[in-house]
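Engineer: Take the sequence shown: its letters are residues 2 to 926, numbered as in my numbering.
Glycine is no exception: its CB is placed at the ideal position from the N, C-alpha and C atoms.
Sharing a structure below in structure tokens format, with a few things to ask.
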Amino acid sequence: MRRSRGLTAALVLSLAGAGTGIGLVLMPQASAITPPVAFTADALPTWQPDGIVWAMAQANGTVFAGGTFSAVRPPEGAAGAEQDAVNFVALDAATGNPTSCKLAFTIGDGTATVRTLVVSKDKKTLYAGGYFGAVNGTPVSSIAAIDIASCTPKASFHPSFPATVRALAVTDDTLYAGGDFTTVEGQTRERFAAVDASSGALKPFVANVDEPGRAVEVTPDGKNVLLGGDFFTVNNSNSHALAVVNATTGAVTKTYGNIPSNSVVKDISTDDTGFYTGHEGSGGGVFDGRIGLRLSDFTEKWRDRCLGATQYVLPYEGVLYSSSHGHDCSTELEFPDGKRNFLLAQPTNHEGAAPAPVDGFVRGPGKLGWHPTANDGLGEGIGPRVMSVAEKNDVKYMWVGGEFTLINGKAQQALTRFASTGDVGAPTTPVASASSVKPGEAQVRWRTSYDADDSKLTYRIYRNGSATPAATVTASSLEWTRPQASWNDTTVKAGQSYTYRVTATDAAGNTSALSAVASVTVPTSVQTYPNQVRTDGAQLYWRYDDTVSPYVADSSNGGNTSGVQLNAPALRQTPGALSGTSTAMGFNGTSQQVYSDHRQTVGSTFTVETWFKTNTTRGGKLIGFGNNTDRNSGSFDRQIYMTNTGRLIFGVHNGSMRTVSTGLFETYNDNKWHHVVGTQGPGGITLYVDGQNKGSLNATSTTAYAGFWHVGGDNLSGWPTRPTSNFFAGQIDETAVYPSTLTQAQVKNHFDLAKAPTESVSAVKTTEDTYINQGAPSTAYGTSTSLAVRGTSAYETYLRFNLPAAPAGQVLKSASLQFKTSTQAGAGTADTVKVVPVTGTWSGAGTTFNTKPTLGTTPLGSIAGVPDGSAVHNVELDTTALSAVLGNSYSLGLTSTGTDPLWIWSSEATAAEGTPQLVLTFGAK
2 MRRSRGLTAA LVLSLAGAGT GIGLVLMPQA SAITPPVAFT ADALPTWQPD GIVWAMAQAN
62 GTVFAGGTFS AVRPPEGAAG AEQDAVNFVA LDAATGNPTS CKLAFTIGDG TATVRTLVVS
122 KDKKTLYAGG YFGAVNGTPV SSIAAIDIAS CTPKASFHPS FPATVRALAV TDDTLYAGGD
182 FTTVEGQTRE RFAAVDASSG ALKPFVANVD EPGRAVEVTP DGKNVLLGGD FFTVNNSNSH
242 ALAVVNATTG AVTKTYGNIP SNSVVKDIST DDTGFYTGHE GSGGGVFDGR IGLRLSDFTE
302 KWRDRCLGAT QYVLPYEGVL YSSSHGHDCS TELEFPDGKR NFLLAQPTNH EGAAPAPVDG
362 FVRGPGKLGW HPTANDGLGE GIGPRVMSVA EKNDVKYMWV GGEFTLINGK AQQALTRFAS
422 TGDVGAPTTP VASASSVKPG EAQVRWRTSY DADDSKLTYR IYRNGSATPA ATVTASSLEW
482 TRPQASWNDT TVKAGQSYTY RVTATDAAGN TSALSAVASV TVPTSVQTYP NQVRTDGAQL
542 YWRYDDTVSP YVADSSNGGN TSGVQLNAPA LRQTPGALSG TSTAMGFNGT SQQVYSDHRQ
602 TVGSTFTVET WFKTNTTRGG KLIGFGNNTD RNSGSFDRQI YMTNTGRLIF GVHNGSMRTV
662 STGLFETYND NKWHHVVGTQ GPGGITLYVD GQNKGSLNAT STTAYAGFWH VGGDNLSGWP
722 TRPTSNFFAG QIDETAVYPS TLTQAQVKNH FDLAKAPTES VSAVKTTEDT YINQGAPSTA
782 YGTSTSLAVR GTSAYETYLR FNLPAAPAGQ VLKSASLQFK TSTQAGAGTA DTVKVVPVTG
842 TWSGAGTTFN TKPTLGTTPL GSIAGVPDGS AVHNVELDTT ALSAVLGNSY SLGLTSTGTD
902 PLWIWSSEAT AAEGTPQLVL TFGAK
């Protein structure tokens, strides 16, 4: 009997920011992994059989594995020679190495196999079942008892089972068996039987079924036996795949009729209050998942309807671990049909009240952050088939056996194990970006990282190269659900440029690499179009200014619904739909799209909005909602698509397809930017193009399902005037989704605001820099990687820039000098540093203290002290003075009157963000 040891859980959400007005939230001391998961996902070195492991049991720090194999070999890359192991191997739970116990399960005719193992309550006897005729030469009949201390078969235990035994369960005095047999000891026992645990004598227990038995378990009180298999009747009572019978007589206690006829029970396990079943099936309407049931009355408490042939279920400390090849958990509002997930974990019970039934069943508890990977492997290509928890030296080990040949992407066959300590895997590196649409606020956002055994990660945001985080955010993610996390920096100043980097840390302290630098310049005035989209309540806003794949940032105010690029759409296409420097994304019309990062439901009140430009004659989907991600959706609507001729159609599905389209000759594949909006609400659906109402329809409802937003492609099968291609060829920009119905006035306002002038920013790096040193008056420092500023004895720094002219119709709105302090100790200064014009001539190669240039007397800006530690700093400059020299080469000097030196990186340095630069913001006159 496999027993759970109770539930421990801790859920934490914290946000701490420097100067954010949020305050500090103290984090609890980190555990090794995110509770209630008890094991890491880091596979340990383990000897591996050359075939398939079907069965496992454990006792006293030893793990027993049975199956169909002939030898075991060391882990990949480890020393040691292959050893004979005929369908059985005993291994040290802590080292993964074979022990001295050697047993050979053989048969004279056919292929011997061990299919089930169980250990007696006193840990002295190992029982084995399968199809075999001898153990180390001792005659047996598909079942055997092994003395664990001596590793020898008990010759006196010799019940006759003439066919394969697939399942065993043991009490103090009784061994229960399930399998393919129809007689035991010459007496009728159809697929389930019980024998004396010591002598092997047949007991009067009768629980005859009509198809193979695959699972048997005894309830913790010893009064009942749980049966699982392929059967449809038990002792002539109708009960498919699962039944409860009396432990002494086999009389039926409970029958079940709600398991699909094309599904079977592969495994049953219990804990203190419940029992759990794993299922496999084939064909339409199959049930492949797990059921949690109550021991008190044997009724169902939840049903996890994920598809993917569950082979084994193991409750441990309040978590149900399972082996399967789960590939579709859409019914559980988790991952859609796609890649296989072989090892999963979920709580044994819902936290708090269970959710309302859907289709007559309560959904299973949500999956937890434990996700080692495997593969289909050998044989039937099932992957993992069996699990066991062993303990040695106060460390627990989760052992897994099966058909797999890979674990976590590395070669490992049939056996692997994971420990309760020693989490060494760091989270993936966050993909970060930053944006700002109004003065005083910058949004830093990132796709949450993935950690195979920690669902709750701590993110630290570093600003301007500082080693001290500006904020700390805790967020949860799973392999298939990596939503955007974000933080608003409200201490930024208009016209200044900022950089941000993000790390992810798990509960054991493993930390990812720093994200790539995300840069943003804060505007000096509100950017009208994006600010209005946010103000109007968008909960998804993709602007396509992203610089890296596969992340598309959500710029909405708190929606955090980022996108995932599929098949590498073209980034940063110009010009975009709006005036200014914002960019668009390009799609090839054959395979590229963007889908949202987490499953959600959308009601019958919503708005979809996007801009597009194309000359395609193959049509395609611009935006829509569907129930899959990187595969064609089976349910899909709330969509705008283009026909082959360039007409636009907006539609929803409420039992039938309800659509509104542009007129026969209103086509938009003219290679110009167009704005399209579709709305649904109490007034029905409406389509707008370029701010104009193109038609409405009284369709006030839509079919409810959970899914993902798609841009650039997804299924269009069966929809009217279906184009040649599901995928759109062209450019898309400024996509937004709202949980409300935009009015015609709002739609027209958005269209008009796209033409509004926007600010442009130029970041101008130094073309030359140097400093002079009074202590070495004849030395030139033009090739130095550092620059210095001090009053006494004097250091002065000179920076040369090629300033751009102001763009047509714009003037300089703000200017700042940006530099980064170096990493040497005491690089900062307590003194005020002034920025002044250089009026004399100088060069990096030739200028020394003795030949230093003259400087202007009127400062352009100053900074009152710079803290120690390598970080980027900004100095606001006089825009009037700089406006007069735009379009020319211009030099700035950095001076001080104090004695505390400032050390900064030069253009010769390789430090990230190290080159001094001017940040110039231009706006309308």
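#1: Going by other Cβ atoms of all chains shown within 10 Å of its Cβ, with 16 needed for buried, is Leu665 buried or exposed?
#2: Looking only at its own chain, which residues have a Cβ that is under 6 angstroms from the Cβ of Phe40, when we skip the five neighbours before and after it?
#3: Apart from the five residues on each side of it in sequence, which residues of its chain come closer than 6 angstroms, Cβ to Cβ, to Lys457?
#4: Nearest-angstrom Cα distance between Thr117 and Ala208?
#5: Since Tyr460 sits in a beta bridge, which residues does DSSP pair it with?
#6: For a test of the three-state rule: what should DSSP assign to Tyr782, helix, strand or coil?
#7: Are the beta-carbon atoms belonging to Ser324 and Leu344 less than 8 angstroms from one another?
#8: Alpha carbon to alpha carbon, how far is Ser930 from Asp715?
#9: Whose C-alpha, out of Asp869, Thr249, Leu515 and Thr417, is nearest the C-alpha of Asp832?
#10: Excluding the 5 residues preceding and the 5 following Gly24 in the sequence, name in chain order all residues of the same chain whose CB lies nearer than 6 angstroms to its CB.
#11: Per the contact definition of three or more C-beta pairs closer than 8 angstroms, is the segment 391-398 in contact with the segment 445-453?
#12: What do you get for Lys695, buried or exposed, if any count of 16 or more other CB atoms within 10 angstroms of its CB means buried?
#13: Spatial neighbours of Trp481 within its chain, please: C-beta separation below 6 angstroms, excluding the five flanking residues on both sides.
#14: Tell me which residues share the same chain as Ala757 and place their Cβ nearer than 6 angstroms to its Cβ, disregarding the 5 neighbours each side in the sequence.
#15: Alpha carbon to alpha carbon, how far is Val609 from Leu754?
#16: Measuring CB to CB, does Val253 end up less than 8 angstroms from Asn225?
#17: Tyr313 and Asp268 look like a contact to me (Cβ under 8 angstroms); what is the Cβ gap, rounded to whole Å?
#18: Is Gly179 close to chain C? Criterion is C-beta to C-beta, closer than 8 angstroms.
#19: Can you name, in chain order, every residue of its own chain whose Cβ lies under 7 angstroms from the Cβ of Gly915, other than the five neighbours on each side?
#20: Asp598 and Gln485 look like a contact to me (Cβ under 8 angstroms); what is the Cβ gap, rounded to whole Å?
#21: Pull the bridge partners of Tyr313 from the DSSP assignment, please.
#22: Taking only the alpha-carbon atoms, compute the straight-line gap between Ala585 and Ser844 and give it to the nearest angstrom.
#23: Buried or exposed: Asp110, going by 16 or more other Cβ atoms within 10 Å of its Cβ?
#24: Kindly list the residues whose CB is nearer than 6 angstroms to the CB of Gly899, restricted to its own chain and excluding five residues on each side of it in sequence; keep chain order.
#25: Run through DSSP, which three-state label would Thr744 get?
#26: Looking only at its chain, what residues have a beta carbon closer than 7 angstroms to the beta carbon of Asn376, apart from the 5 residues adjacent to it on each side?
#27: Ser763: buried (16+ other C-beta within 10 angstroms of its C-beta) or exposed?
#28: Can you have a look at Asp546 and say buried or exposed, based on whether 16 or more other CB atoms are within 10 angstroms of its CB?
#29: Taking the continuous beta strand (DSSP E) assigned at Gly764, which residues delimit it?
#30: If I follow the unbroken beta strand (DSSP E) through Pro737, where does it start and stop?
#31: Tell me the rounded alpha-carbon separation between His280 and Val287.
#32: Considering only residues of the same chain and omitting the five flanking positions on each side of Ala816, which have a CB-CB separation below 6 angstroms?
#33: Based on Cα-Cα distance, which residue from Ala216, Ala198, Asp174 and Gly81 lies nearest to Arg192?
#34: What first and last residue would you give for the alpha helix (DSSP H) that runs through Leu883?
#35: Could you please give me the residues that DSSP links to Asn774 through a beta bridge?
#36: Assign Pro721 to buried or exposed, taking buried as 16 or more other Cβ atoms, counted over all protein chains shown, within 10 Å of its Cβ.
Structural biologist: In short:
#1: Counting from one through the sequence shown, the residue named residue 665 turns up at place 664. Exposure of Leu665 is indicated by the presence of fewer than 16 other C-beta atoms within 10 angstroms of its C-beta.
#2: In the sequence shown, the residue the question calls residue 40 occupies position 39. Its chain contains Met399, Phe419 and Ser421 as the residues whose beta carbon lies nearer than 6 angstroms to that of Phe40, once the 5 sequence neighbours on both sides are disregarded; these appear in chain order.
#3: Counted from its first residue, the sequence shown places residue 457 at position 456. The answer, listed in chain order, is Thr35 and Ser477.
#4: Numbered from its first residue, the sequence shown carries residue 117 at position 116. Numbered from its first residue, the sequence shown carries residue 208 at position 207. Looking at the two C-alpha atoms, the distance is approximately 19 angstroms.
#5: Position 459 of the sequence shown holds residue 460. Among the bridge pairs identified by DSSP, Tyr460 is matched with Val474 and Ala505.
#6: Taking the sequence shown and counting its residues from 1, the one referred to as residue 782 is at position 781. DSSP places Tyr782 in the coil class of the three-state scheme, outside both helix and strand.
#7: Within the sequence shown, numbered from 1, the residue matching residue 324 stands at position 323. Within the sequence shown, numbered from 1, the residue matching residue 344 stands at position 343. A Cβ-Cβ contact shorter than 8 angstroms links Ser324 with Leu344.
#8: As displayed, the chain neither begins before 2 nor continues past 926, which places residue 930 out of reach and without an answer.
#9: Indexing the sequence shown from 1 puts residue 832 at position 831. The shortest CA-to-CA distance from Asp832 to any of Asp869, Thr249, Leu515 and Thr417 is the one to Asp869.
#10: Working through the sequence shown from its first residue, we reach residue 24 at position 23. In this prediction, Gly24 scores a pLDDT of 28, lower than 50, which makes its location untrustworthy; no coordinate-derived value is stated.
#11: Between the segment 445-453 and the segment 391-398, the count of C-beta pairs closer than 8 angstroms stays below three; the two stretches do not touch.
#12: Counting from one through the sequence shown, the residue named residue 695 turns up at place 694. Answer is buried; the Cβ neighbour count reaches 16.
#13: For the purposes of this step, residue 481 is taken as the residue at position 480 of the sequence shown. Result list for Trp481: Phe336, in chain order.
#14: As a first step, residue 757 must be located in the sequence shown, where it is residue number 756. Cβ neighbours of Ala757 beyond the five flanking positions: Thr529.
#15: Sequence index remark: in the sequence shown, residue 609 carries index 608 (1-based). Sequence index remark: in the sequence shown, residue 754 carries index 753 (1-based). Our two residues, Val609 and Leu754, have alpha carbons roughly 17 angstroms apart in a direct line.
#16: In the sequence shown, residue 253 corresponds to position 252, counting from 1. In the sequence shown, residue 225 corresponds to position 224, counting from 1. No. Outside cutoff.
#17: Locating residue 313 in the sequence shown gives position 312, counting from the first residue. Locating residue 268 in the sequence shown gives position 267, counting from the first residue. Indeed, because the Cβ distance is near 5 angstroms, the residues count as touching under 8 angstroms.
#18: The chain labelled as chain C is not found in the depicted structure, where only one protein chain is given.
#19: If you number the sequence shown from 1, residue 915 lands on position 914. Closer than 7 angstroms at the Cβ level, and outside the excluded window around Gly915, lie Lys821 and Trp906.
#20: Taking the sequence shown and counting its residues from 1, the one referred to as residue 598 is at position 597. Taking the sequence shown and counting its residues from 1, the one referred to as residue 485 is at position 484. Indeed, because the Cβ distance is near 7 angstroms, the residues count as touching under 8 angstroms.
#21: Counting from 1 along the sequence shown, the entry for residue 313 is found at position 312. By DSSP's assignment, Tyr313 forms a beta bridge with Ser324.
#22: The residue you call residue 585 lines up with position 584 of the sequence shown. The residue you call residue 844 lines up with position 843 of the sequence shown. If you take the alpha carbons of Ala585 and Ser844, they lie about 42 angstroms apart.
#23: By one-based count along the sequence shown, residue 110 stands at place 109. With fewer than 16 Cβ atoms within 10 Å of its Cβ, Asp110 is classed as exposed.
#24: The residue given as residue 899 occupies position 898 in the sequence shown. In chain order, Gly792 and Asp832 place their CB closer than 6 angstroms to the CB of Gly899, counting only its own chain and leaving out the 5 sequence neighbours on each side.
#25: In the sequence shown, the residue the question calls residue 744 occupies position 743. In the three-state scheme derived from DSSP, where H, G and I count as helix and E and B as strand, Thr744 is classed as coil.
#26: Start at 1 with the first residue of the sequence shown, and residue 376 comes out as number 375. If you ignore the 5 residues before and after Asn376, its C-beta comes within less than 7 angstroms of the C-beta of Gly384, Phe405, Thr406 and Leu407, all in its own chain and listed in chain order.
#27: Indexing the sequence shown from 1 puts residue 763 at position 762. With 16 or more other Cβ atoms within 10 Å, it is buried.
#28: Stepping through the sequence shown from its first residue, residue 546 is reached at position 545. Per the 10 Å Cβ criterion, buried.
#29: Looking up residue 764 in the sequence shown gives position 763. Note that residue 764 is Ala in the sequence shown here, rather than Gly. Run containing Ala764: Ser761 to Lys766, per the beta strand (DSSP E) assignment.
#30: Here residue 737 refers to the residue found at position 736 when the sequence shown is read from its first residue. Residue identity differs from the one stated: residue 737 is Ala in this sequence, not Pro. Note, Ala737: beta strand (DSSP E), Ala730 to Tyr739.
#31: Taking the first residue of the sequence shown as position 1, residue 280 is located at position 279. Taking the first residue of the sequence shown as position 1, residue 287 is located at position 286. For His280 and Val287, the distance between alpha carbons rounds to 9 angstroms.
#32: In the sequence shown, residue 816 corresponds to position 815, counting from 1. Correct list, in chain order: Leu878, Thr880, Leu883 and Leu921.
#33: Within the sequence shown, the letter at position 191 stands for residue 192. Closest by alpha carbon: Ala216.
#34: As a first step, residue 883 is located in the sequence shown; it is residue number 882 there, counting from the start. In the DSSP annotation of this structure, the continuous segment of the alpha helix (DSSP H) that includes Leu883 starts and ends at Thr880 to Ser884.
#35: Walking along the sequence shown from the start, residue 774 turns up at place 773. In the DSSP output, where bridge partners are listed per residue, Asn774 has Tyr796.
#36: Translated into the one-based positions of the sequence shown, residue 721 becomes position 720. So Pro721 ends up on the exposed side.
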